[in-house]
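Notes for the one structure printed next.
In our numbering, the protein residues as written are 3 to 248.
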């Protein structure tokens, strides 16, 4: 018996795509799990031919190559079938609010297929729940970075020592600068300015961290680190564009 109460079906889904830009990138695989109020479940998965070469940087992430989608239907051909799955249903999925849902909706628009989502659409996102409920306090940080238990938590001295130990481990773990001015910028200024700027040649330049001032295209490992971290979607979209060679 399901632990969730449903008044109508809910569709959990995930997409694999040509990139991270929800406004222009294309779906190359979609999988859905439709759960009905009586707890019946239906799983459906489909490879989709995007009609363009799949960027190698994307293939490195999901493993899907051009030959895998050769002969598969386009979104225009399979879009109505997808629409029927989502018709009059709520939706769910990991990072679905920021990524999969707007991307799928744009695919419907791009292919002149009326989207099936109800006006009172409800969305559940395990990523949001995860971020809201996993503790980010000093005790948790000390355990995560140093594998130590914080004794006498909320004692000023214990908290001070723990904070410094966490700080040292963060510098090592993330290869941060050991320069205080740069770390100040990372902690304070970085939250208020874009992560990338364009130079006079319209090339992306890092605007934060240890690579500030460097051409982003020359620091691909750092771009991949950003993609795996908790950065804004717009920042990740730029990283993907750079890695895709746009």
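Yeah, the Cβ is synthetic: ideal placement off N, Cα and C, and Gly gets one too.
All values derive from a computational prediction rather than experimental measurement.
Residues near residue i in its chain [Cβ-Cβ closer than 7 angstroms; skip 5 each side]
i           : result
residue 239 : 22, 23
residue 82  : 115
residue 154 : 160
residue 165 : 140
residue 74  : 49, 50, 51
Coil, strand or helix - residue i by DSSP
i           : result
residue 34  : strand
residue 192 : Legend: pLDDT at residue 192 = 46, less than 50; position of this residue unreliable, no value from coordinates given.
residue 92  : strand
residue 159 : helix
residue 18  : strand
residue 47  : strand
residue 7   : coil
residue 26  : coil
residue 243 : helix
residue 166 : helix
residue 200 : strand
residue 287 : In the structure as shown, the chain begins at 3 and stops at 248. Residue 287 is therefore absent and cannot be evaluated.
residue 176 : coil
residue 13  : strand
Cβ neighbours of residue i in the same chain (closer than 6 angstroms, five flanking residues each side left out)
i           : result
residue 127 : 98, 99
residue 192 : For residue 192, the predicted model reports a pLDDT of 46, less than 50, meaning its position is unreliable; a value from the coordinates is still stated below. Closer than 6 angstroms at the Cβ level, and outside the excluded window around residue 192, lie 210.
residue 118 : 85, 88, 89
residue 259 : With the chain covering only 3 through 248, there is no way to say anything about residue 259.
residue 221 : 213
residue 27  : 19, 20, 21
residue 237 : 197
residue 171 : 147, 148
residue 224 : 213
Residue i and residue j closer than 9 angstroms at C-beta
i           : j           : result
residue 101 : residue 125 : no
residue 123 : residue 17  : no
residue 188 : residue 168 : no
residue 245 : residue 57  : yes
residue 15  : residue 94  : yes
residue 13  : residue 47  : no
residue 217 : residue 235 : no
residue 121 : residue 96  : no
Distance cut-off 8 angstroms: residue i Cβ against heavy atoms of the ligand COA
i           : result
residue 242 : Questions concerning the ligand COA fall outside what the structure shown contains, since it holds no ligand whatsoever.
Inter-residue CB distance, residue i and residue j (contact presumed, cutoff 8 angstroms)
i           : j          : result
residue 31  : residue 54 : About 15 angstroms separates the two Cβ atoms, so there is no contact after all.
residue 242 : residue 78 : Wrong, their Cβ atoms sit about 24 angstroms apart, outside the cutoff.
residue 108 : residue 25 : 6 angstroms
CB contact check: residue i to chain D, cutoff 9 angstroms
i           : result
residue 221 : This model lacks chain D altogether, as it is built from one protein chain only.
Neighbourhood of residue i by C-beta distance below 8 angstroms, restricted to the same chain and skipping five residues each side
i          : result
residue 80 : 48, 50
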